[in-house]
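To start, the structure under review is shown below, and the notes come after it.
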Amino acid sequence: MIANKYLILGASLLINSELIAATDESECHQLDSPWIAITSGQVTLSAKSQPSTISTSEPFSLFVSVCQGLHPYSGKLKFDAQMPLHKHGMNYQPSIIQLEEGRFLIQGNLLHMPGLWQFSFSLESHPQALFYNYDLP
């Protein structure tokens, strides 16, 4: 009888720990120390660059996390950067790699001149693009 109690207790702990692990995987986690943070309705986007400082005419990547409510965003992401005052964008088309649900790597970005740049993040499920203004020294 005592052995059965331990067996039931062990099975219960195993099931509960798997439920906790599954819950942790389905929760969305923002990036540590992002310098881009945008919230619109239920959507939260955070991003940071590699290298951490963007320089004129130097390629950089963006690591992006997108949450929809408490869960990772499951759709596609599009990215563009424009100079509103000059009415043009980047001379390069970046590539977007989905690392996992809600996590993206945008590679091949290059801001070829100093000034105000507007980053545009478009999500399939969100009717309006998310914008971030960046003043490149």
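According to numbering that gives the first Met the number 0, the sequence shown is numbered sequentially starting from 0. Glycine included, every Cβ here is placed at the ideal spot set by N, Cα and C.
Member of the options whose CA lies at the smallest distance from the CA of residue i
i	options	result
residue 128	47, 84, 78	78
residue 68	136, 25, 47, 133	25
residue 86	112, 63, 57, 30	112
residue 76	45, 32, 132	45
residue 83	32, 39, 118	118
Where residue i sits in the DSSP three-state scheme
i	result
residue 73	coil
residue 25	helix
residue 47	strand
residue 67	strand
residue 129	strand
residue 92	coil
Cβ distance (whole Å) where residue i is taken to contact residue j below 8 angstroms
i	j	result
residue 61	residue 90	Contact flag wrong, Cβ pair sits at about 17 angstroms.
Whole-angstrom distance between residue j and residue i, CA atom to CA atom
i	j	result
residue 56	residue 110	6 angstroms
residue 94	residue 115	22 angstroms
residue 49	residue 73	24 angstroms
residue 126	residue 52	31 angstroms
residue 28	residue 64	8 angstroms
residue 41	residue 124	11 angstroms
residue 47	residue 121	17 angstroms
residue 71	residue 37	15 angstroms
Chain-order list of residues whose beta-carbon lies under 6 angstroms from that of residue i (same chain, five-residue window excluded)
i	result
residue 35	46, 131
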